[in-house]
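Take the position in the sequence shown, starting the count at 1, then add 867; the result is the number in my numbering.
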Amino acid sequence: MRSRILATSMLFGLLTGLSALAHAQTPSNRAYALEDESTFETGCFWSCACPIQPSPVQGTFTLTHESWDGLYTHYRVSDVEWLVPERGNLTLRGSGTYRVGGEFAIRHQLVLDLEVGELAPRRFDSGLVTGGAEFPRILIDVPLNGPPACLDTVLSLSSAPVVLSADDVDPFASPWVRPNPFASTTELGFTLAAPGSVDVTVYDLSGRRIRTLEQGAWLAAGPHRRQWDGRRDDGTECAAGVYRVRVRTLQREHVRAFVKLP
868 MRSRILATSM LFGLLTGLSA LAHAQTPSNR AYALEDESTF ETGCFWSCAC
918 PIQPSPVQGT FTLTHESWDG LYTHYRVSDV EWLVPERGNL TLRGSGTYRV
968 GGEFAIRHQL VLDLEVGELA PRRFDSGLVT GGAEFPRILI DVPLNGPPAC
1018 LDTVLSLSSA PVVLSADDVD PFASPWVRPN PFASTTELGF TLAAPGSVDV
1068 TVYDLSGRRI RTLEQGAWLA AGPHRRQWDG RRDDGTECAA GVYRVRVRTL
1118 QREHVRAFVK LP
């Protein structure tokens, strides 16, 4: 009897630990970027026999921690700005929810209400499926119609935080980008809590510096804005894709990802 109680206690501790692990890893607010493996897929799924047409999808979103119910950690998904270049620069915009955790196994669910091009918002829902152990990376398939639909549209998503430090997404100083996505010119904004020396730099996702907008400039406390015309320091135009603006002070740095259209 004692061994049975001990085994039960150990199992309960293990399962509780799995949920606590997901809970302990929760960021308050993080900018995410889709990785190269992410695709927008249309065609026949499950047991249906017709081709599936995958197209790369790129873009960013924000994940915000909301609550923990003892089993699942709940997040709000916002600022979804995605682009499918091979489908005539099809855009996907919207918001949703994400949860990860579980009792006997780690499971997760992503629900997205997205405007696909000019269409009214439609719901993509992964259902509660096994997965989520990679968190804070999110690897999940999100169908439009859900199983057992034959003809369907599925978002196969691989995403990861753009920044890993909680300081990088400080709500007071984190930069914003508008419009996002943009085609020719966009505005990069940020707010300083105190006056000081500031660097404002645009990078690509591989970490290469693309454009320096400020270097060691002494700026006053308060809001600031800078324009970027999508060009490198040498004047050549950048390719379409995901970029990051980094605002760095002596105390910390803040990063925001955004999308440039062709």
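Where a beta carbon is used, it is the ideal one built from N, C-alpha and C, also for glycine.
Considering only the beta carbon of each residue, do Thr997 and Gly968 sit closer than 7 Å? no
When you compare the CB positions of Arg1025 and Glu902, do they come within less than 7 Å of one another, or not? Checking the sequence, you will find Ser at residue 1025 rather than Arg. Yes. Within cutoff.
Starting from Arg1130, trace the beta strand (DSSP E) in both directions and tell me its first and last residue. Any question about residue 1130 goes unanswered here, given that the chain covers just 868 to 1129.
Leu959 lies in the beta strand (DSSP E); which residues open and close that run? Leu957 to Gly968
Would you call Glu1104 buried or exposed, if buried means 16 or more other Cβ atoms sit within 10 Å of its Cβ? exposed
Val1122 (DSSP reduced to helix, strand or coil): strand
Nonlocal neighbours in the same chain, by C-beta distance under 7 Å from Gly910, ignoring five residues either side: Cys917, Pro918, Ile919 and Gln920
Using the Cβ count rule (16 or more neighbours within 10 Å means buried), how would you classify Thr893? The pLDDT assigned to Thr893 is 42, lower than 50, so where the model puts this residue is not dependable; a value taken from the coordinates is nonetheless given after this. Thr893 comes out buried.
Please return the same chain residues whose Cβ sits closer than 7 Å to the Cβ of Leu1031, not counting the five positions on each side in sequence. Confidence in Leu1031 is poor, its pLDDT being 40 and thus under 50, which makes the residue's placement too unreliable to answer from.
Contact set for Val978: own chain, Cβ-Cβ below 6 Å, skip 5 residues either direction: Gly963, Thr964 and Asp992
Glu953 (DSSP reduced to helix, strand or coil): helix
DSSP state of Leu1011 mapped onto helix, strand, coil: coil
Host beta strand (DSSP E) of Asn1047 (start-end): Note, Asn1047: premise wrong, no beta strand (DSSP E); not H, not E.
Pick out whichever of Ala1060, Gly1056 and Pro1028 has its Cα sitting closest to the Cα of Leu1117. Ala1060
Return the bridge partner residues of Ser1025 from the DSSP annotation. Leu1006
C-alpha distance - Leu938 paired with Phe1002, whole-angstrom precision: 15 Å
Taking only beta-carbon positions, decide if Asp980 is within less than 7 Å of chain C. No chain C is part of this structure, which consists of one protein chain only.
Counting along the chain, where does the beta strand (DSSP E) carrying Phe928 start and finish? Gln925 to Trp935
Leaving out the 5 sequence neighbours to the left and right, which residues in its chain are closer than 7 Å to Pro1042 when beta-carbon positions are compared? Leu1055, Gly1056, Phe1057, Val1112, Val1114, His1121 and Arg1123
Among Asp1096, Leu930, Arg966 and Val983, which one has its Cα closest to the Cα of Val951? Val983
On the DSSP letters alone, give me the boundaries of the beta strand (DSSP E) that Asp992 sits inside. Arg989 to Asp992
Could you give the DSSP three-state label for Asp1037: helix, strand or coil? Bear in mind that a pLDDT of 41 at Asp1037, under 50, signals an unreliable position, so the number given afterwards is only what the model happens to contain. Correct three-state label for Asp1037: coil.
Quick check on Ala1107: does DSSP put it in helix, strand or coil? coil
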